[in-house]
Amino acid sequence: MKPDLEKALKLYLVTDPVLHGGRGVSATCEEALAAGVRFVQLRDKKASTRSLYDSALALRNLCKKNSSYFVVNERIDVAMAVGADGVHLGQSDMPADIARSVMGSEAIIGVSVRTVEEAEKAMEDGADYIAANLVFSTNTKKDIKEPLGLNMVSTLSGVSSLPLIAIGGINPENTALVMDAGCAGVAVVTAIMNADSPTLEVEKFLKILNH
Numbered sequence: 009m010k011p012d013l014e015k016a017l018k019l020y021l022v023t024d025p026v027l028h029g030g031r032g033v034s035a036t037c038e039e040a041l042a043a044g045v046r047f048v049q050l051r052d053k054k055a056s057t058r059s060l061y062d063s064a065l066a067l068r069n070l071c072k073k074n075s076s077y078f079v080v081n082e083r084i085d086v087a088m089a090v091g092a093d094g095v096h097l098g099q100s101d102m103p104a105d106i107a108r109s110v111m112g113s114e115a116i117i118g119v120s121v122r123t124v125e126e127a128e129k130a131m132e133d134g135a136d137y138i139a140a141n142l143v144f145s146t147n148t149k150k151d152i153k154e155p156l157g158l159n160m161v162s163t164l165s166g167v168s169s170l171p172l173i174a175i176g177g178i179n180p181e182n183t184a185l186v187m188d189a190g191c192a193g194v195a196v197v198t199a200i201m202n203a204d205s206p207t208l209e210v211e212k213f214l215k216i217l218n219h
């Protein structure tokens with residue numbers, strides 16, 4: 009693992025094409041990066057390939073300028089085309105070991121998991137980190153009905169040696185709870201992307217995470 013990757017994963021920003029406080033995705037990410045975010049995932053499941061490519065290129069350049077990691081959700085082709093650091097995969101996407109063979113040993117590959125079996129498989133397949141998918145209820149994950157809860161997060165943390173990231177309904181009020189449950193970091197969408205002030209929100213998260 010890259011030496012500073014685990015530190016960067018502490019506060020992991022996931023974009024949303026709609027939730028950006030009217031500023032736009034790039035402007036919101038620029039503010040968050042300036043405030044201390046060091047890991048960004050571009051997530052836009054409905055964008056055309058060209059539109060996704062253009063967004064990815066803009067964000068990759070922003071992240072590079074801020075010495076931050078940048079990955080693309082699902083789309084290995086787009087990630088490779090813009091020179092992203094890697095890709096984040098769900099259970100219905102390409103398996104992590106195949107993604108690794110395509111993208112190479114230096115690529116960062118993350119995998120969303122909900123079960124012990126999925127966590128173990130991601131580890132076997134050579135993922136760099138796993139994400140506990142939907143810890144608390146959130147409107148940004150409409151395809152999953154049941155939140156995992158903190159007990160399952162703790163279980164997932166115990167079975168994998170990979171850094172575990174919590175995603176789903178994460179805010180400054182529950183961040184300490186998921187970190188206490190064994191997470192290495194938190195992935196945040198709404199709380200930062202749609203905040204009145206992404207800068208202030210990032211500062212709140214970092215204060216808790218670096219406590």
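Plus 8 on top of the position in the sequence shown (first one is 1) and you've got the numbering used here. Beta carbons: idealized from backbone N, C-alpha and C, even for Gly.
query, result
"Unbroken beta strand (DSSP E) run spanning residue 94, endpoints", "94–97"
"Beta-carbon contacts of residue 72 that lie in its chain and below 8 Å, excluding the five residues immediately before and after", "78"
"Where the alpha helix (DSSP H) containing residue 60 begins and where it ends", "57–73"
"Sequence-distant residues of the same chain with beta carbon closer than 7 Å to residue 197, five excluded per side", "22, 24, 27 and 148"
"Beta-carbon gap between residue 207 and residue 177 smaller than 8 Å", "no"
"Residue 159 - containing alpha helix (DSSP H), residue span", "157–167"
"Alpha carbon of residue 162 to alpha carbon of residue 185, nearest angstrom", "10 Å"
"From 133, 89, 37 and 168, residue whose alpha carbon lies closest to that of residue 104", "133"
"For residue 139, three-class secondary structure by DSSP", "strand"
"Residue range of the unbroken beta strand (DSSP E) whose run includes residue 203", "Note, residue 203: premise wrong, no beta strand (DSSP E); not H, not E."
"Coil, strand or helix - residue 144 by DSSP", "coil"
"For residue 155 and residue 144, the rounded distance between their alpha carbons", "5 Å"
"Residue 138 to residue 62 span [Cα, whole Å]", "27 Å"
"With 16 other Cβ atoms within 10 Å as the buried cut-off, status of residue 4", "Only positions 9 to 219 of the chain appear in the structure, and residue 4 is not among them; the question remains open."
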